[in-house]
Amino acid sequence: EAEETTIASINGHRWRSRIVEFQVLWDDEDVTWEPLSVVNDCSAMDDYLTHRDVDDPLRLPKRKYLID
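Structure, rendered in C-alpha cells:
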C-alpha cells in the first residue's frame, strides 16, 4: 500500500487560460503544479490566500506569483 503524500505548502499560482494552478510543495519535497480541485480544501490553501490577502482563489491576480 502506497503512502499518501500531503501538502507542506502552496508557494505560488499561475493562470492557464481560465484555470488557476498552484505550485505545491509536498511533504516529500517534490514540487508540482496542481489545479484548484487538488488543493482547495487544505490548510495550505487557507495560508496562501491569507498571504495574498484574498478570500477566494478565483480572485487571485492573473499574473504568475511565486513566494521567494
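In the numbering used here, the protein residues as written are 26 to 93. Backbone N, C-alpha and C fix where the C-beta goes; we use that ideal spot for every residue, glycine too.
task: For ILE35, count neighbouring Cβ atoms within 10 angstroms of its own Cβ and tell me buried if that reaches 16, exposed if not.
output: Within the sequence shown, the letter at position 10 stands for residue 35. So ILE35 counts as buried.
- request: Identify every residue that forms a DSSP beta bridge with PRO82.
  value: Here residue 82 is taken as the residue at index 57 of the sequence shown, counted from 1. PRO82 is not bridged to any residue.
task: Grab the span of the beta strand (DSSP E) containing ARG39 for me, first residue to last.
output: Your numbering for residue 39 matches position 14 in the sequence shown. Element bounds for ARG39: 32-41.
message: Considering only DSSP beta bridges, list what ILE3 is partnered with.
response: Lying before the first or after the last residue shown, residue 3 is absent from the chain, which here runs from 26 to 93.
message: Using CA atoms only, rank isn't needed, just tell me which of ASP52, ASN65, ASP80, ARG88 is closest to GLU29.
response: Stepping through the sequence shown from its first residue, residue 29 is reached at position 4. Ranking the options by Cα distance to GLU29, first place goes to ASP52.
Inter-residue spacing [alpha-carbon to alpha-carbon] between VAL64 and ASP78: Locating residue 64 in the sequence shown gives position 39, counting from the first residue. Locating residue 78 in the sequence shown gives position 53, counting from the first residue. Going by the C-alpha atoms only, they are around 18 Å apart.
- prompt: DSSP puts THR57 in a beta bridge; with which residues?
  reply: Residue numbering aside, residue 57 sits at position 32 when the sequence shown is read from its first letter. Answer is VAL49.
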